[in-house]
Amino acid sequence: MEVLRYIFSCFSSSSKSSSHQLWSSGASDKNKAMVEQLQRYKIIKSSKVAEVMEAIDRGLFVPPGASPYFDSPMPIGYNATISAPHMHASCLELLQEHLQPGMRALDVGSGTGYLTACFALMVGPHGRVVGVEHIPQLVASSIENIKKSAAAPQLNDGSLSIHIADGREGWPELAPYDAIHVGAAAPHIPKALIEQLKPGGRMVIPVGTTMQDLKVVDKKQDGSVSIRDETAVRYVPLTSKDAQLRG
Ligand SMILES: C[S@@+](CC[C@H](N)C(=O)[O-])C[C@H]1O[C@@H](n2cnc3c(N)ncnc32)[C@H](O)[C@@H]1O
Numbered sequence: 305m306e307v308l309r310y311i312f313s314c315f316s317s318s319s320k321s322s323s324h325q326l327w328s329s330g331a332s333d334k335n336k337a338m339v340e341q342l343q344r345y346k347i348i349k350s351s352k353v354a355e356v357m358e359a360i361d362r363g364l365f366v367p368p369g370a371s372p373y374f375d376s377p378m379p380i381g382y383n384a385t386i387s388a389p390h391m392h393a394s395c396l397e398l399l400q401e402h403l404q405p406g407m408r409a410l411d412v413g414s415g416t417g418y419l420t421a422c423f424a425l426m427v428g429p430h431g432r433v434v435g436v437e438h439i440p441q442l443v444a445s446s447i448e449n450i451k452k453s454a455a456a457p458q459l460n461d462g463s464l465s466i467h468i469a470d471g472r473e474g475w476p477e478l479a480p481y482d483a484i485h486v487g488a489a490a491p492h493i494p495k496a497l498i499e500q501l502k503p504g505g506r507m508v509i510p511v512g513t514t515m516q517d518l519k520v521v522d523k524k525q526d527g528s529v530s531i532r533d534e535t536a537v538r539y540v541p542l543t544s545k546d547a548q549l550r551g
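Take a look at the structure:
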């Protein structure tokens, strides 16, 4: 019952107060406690995802004044948000087999850089992670955030980079990718992203406008694609920079 209440609080539009009550009843407001809470509720299932979310302190990525360990999206300016911890954890779980050491990942709508940094720790220095974000100020602040985090060495060695670009076009220079994550909701799955997915690779992307589904897109070795709905979600739109800034 408590698990159901927790899950409802994560996904319902009126989630704020109920999720806060459950979160506040946890042991601490620190990053480790947040990870343990996500494990307790079986949102984090694997030790690798727990290890990475413990290593990348969410507090470094959330603007001052916000509550970094509260299970809710937080505004980061420019009509964007950092996604909630349970969404970051769910996406890492869905992608973890495609984020093995040495693999290649693309994070579209990289925002604060939090998930991009987690991807970098998963694939390690012999892998390659690219973040693409269309708001230049967010790209600059995300790089500063990552420099303070456990993923900083990977910015220096070049296995992690963040670029200003329209993520609907992906980042063809380093394609194909084993894993693609899209952090904003697209009206439909962009063709360029399907093309840039490696055979055997997986993309996780929210699709829809008012009603959105988190879709899991698997490309088989023969190049055919299967798509399934994981869960209902609410993300900011994957759109043009002008449309986003107009709100
Ligand atoms: C919900 S935020 C998630 C950010 C990131 N995953 C995080 O948790 O910090 C979505 C991000 O997508 C970006 N975005 C929206 N449309 C985009 C586009 N066409 N190209 C690149 N970035 C885009 C927004 O600026 C925003 O930073």
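At position 134 of the sequence shown (counting the first as 1) the number is 438 in our numbering, and the numbers step up by one without a gap.
Glycine residues also receive a C-beta, built at the ideal position from the N, C-alpha and C atoms.
In this text, all values refer to a predicted model and were calculated from it rather than measured experimentally.
Item                                                                                                                              : Value
Three-state secondary structure (DSSP) of residue 525                                                                             : coil
Distance cut-off 7 Å: residue 370 Cβ against heavy atoms of ligand 1                                                              : no
Cβ-based neighbour list, residue 511, same chain, cut-off 7 Å, excluding 5 preceding and 5 following                              : 489, 490, 492, 493, 517 and 519
For residue 356, the first and last residue of its enclosing alpha helix (DSSP H)                                                 : 351 to 359
Simplified DSSP state of residue 471, which is helix, strand or coil                                                              : helix
Cβ-Cβ separation, residue 419 to residue 485 (assumed contact under 8 Å), whole Å                                                 : 6 Å
Chain-order list of residues whose beta-carbon lies under 8 Å from that of residue 296 (same chain, five-residue window excluded) : This structure cannot speak to residue 296, because the chain is shown only from 305 to 551.
Contact test: residue 532 Cβ vs ligand 1 heavy atom, cutoff 7 Å                                                                   : no
Inside the stretch 380 to 446 only - beta strand (DSSP E) runs reaching at least 3 residues                                       : 384 to 386, 408 to 412 and 432 to 437
Buried versus exposed call for residue 328 [16 or more other C-beta atoms within 10 Å across all chains shown]                    : Note that residue 328 has pLDDT 39, beneath the 50 cutoff, so the model's placement of it is unreliable and the number below is only indicative. It counts as exposed.
Residue 532, buried or exposed, once every other Cβ within 10 Å from all chains shown has been counted against 16                 : exposed
Proximity to residue 424 [Cα-Cα], best of 459, 523 and 544                                                                        : 459
Euclidean distance between Cα positions of residue 378 and residue 421                                                            : 18 Å
Segment limits, beta strand (DSSP E) that includes residue 507                                                                    : 501 to 512
Distance cut-off 7 Å: residue 540 Cβ against heavy atoms of ligand 1                                                              : yes
Beta carbon of residue 505 nearer than 8 Å to that of residue 481                                                                 : yes
Span of the alpha helix (DSSP H), counted from its first residue to its last, around residue 547                                  : 545 to 550
Residue 433 versus residue 530: straight-line alpha-carbon distance, rounded                                                      : 24 Å
Heavy atom of ligand 1 within 7 Å of residue 351 beta-carbon                                                                      : no
Best match in 350, 347 and 380 for proximity to residue 549 [C-alpha to C-alpha]                                                  : 380
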